[in-house]
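J.:
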Ligand code: DC
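Numbering (our numbering), first residue to last: 30 to 248.
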């Protein structure tokens, strides 16, 4: 049976994962966060002190898998649940760097395509509509201004100890945008047939409603 595949791409901090979770709950689809896979690979490489030039040699040893518990994605390295460990700023930056390496992308590509073949999914990332699922039923490119994305991240972090200053968060976002858009392999860009949704002026609920509407119109 053909599965329904929805691709959501966009820069860091545009709200992709929160919005995709809301929409997939509404539609009864599985939500696949591909950024978590790149983060898990980055965690493995960091923990094992593998320098970038040796990644190709060791990438075959990285055992990333996803489990869905009550519809919520958990990411594993071997049999270790690393879903929380991958959320540090250090791993964000490491993932942004190591995801540019073709051997890393090749490793995760098959896993992502298999998930899409076997399930009705909403998959978010950077290259889902352009490279991983070029035939997706619906493609969305979700974005917001860098300042607004930094603002949202700052609000989220300001409740925690050690919140970095706003300027540092903005600098990180701009750096990650640059890395994601300028790498040679599978750079972040809007697919020609993707619908652009700019959430700078929208609440999460408004963004989710807009995307649900786009999906329902097309499938
Ligand atoms: O969405 P995120 O911030 O969790 O993603 C972490 C990093 O992984 C991000 O800097 C870019 C990379 N990534 C990618 O290259 N391709 C994807 N499909 C998803 C994420």
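Glycine included, C-beta positions come from ideal geometry on N, C-alpha and C.
Predicted model only: the values in this text are computed from it and were never measured.
Any heavy atom of ligand 1 inside 7 Å of the beta-carbon of residue 156?
T.: Your numbering for residue 156 matches position 127 in the chain shown. Indeed, a heavy atom of ligand 1 lies less than 7 Å from the Cβ.
J.: When you measure from the CB of residue 47 to every non-hydrogen atom of ligand 1, does any distance come out below 7 Å?
T.: Against the chain shown, residue 47 aligns to sequence position 18. Checking the Cβ of residue 47 against ligand 1 gives no.
J.: Would you say the beta carbon of residue 205 is closer than 7 Å to some non-hydrogen atom of ligand 1?
T.: The count along the chain shown starts at 1 and reaches residue 205 at position 176. Residue 205: yes, Cβ under 7 Å from ligand 1.
J.: Any chance you could list the alpha helix (DSSP H) runs of at least 4 consecutive residues sitting entirely within the segment 95-155, in chain order?
T.: Entirely contained in the segment 95-155, the alpha helix (DSSP H) runs reaching 4 residues are, in chain order, 118-127 and 131-147.
J.: Would you check whether ligand 1 has a heavy atom nearer than 7 Å to the C-beta of residue 81?
T.: Taking the first residue of the chain shown as position 1, residue 81 is located at position 52. Outside the cutoff, so no.
J.: Residue 57: beta carbon under 7 Å from a heavy atom of ligand 1?
T.: By 1-based counting over the chain shown, the position of residue 57 is 28. False, no ligand heavy atom lies under 7 Å from that Cβ.
J.: Identify the residues that DSSP records as bridge partners of residue 225: which are they?
T.: Position 196 of the chain shown holds residue 225. Paired residue(s): 170.
J.: At a cut-off of 7 Å, would you count residue 112 as near ligand 1, judging by its Cβ distance to the nearest heavy atom?
T.: Residue numbering aside, residue 112 sits at position 83 when the chain shown is read from its first letter. Residue 112: no, Cβ never under 7 Å from ligand 1.
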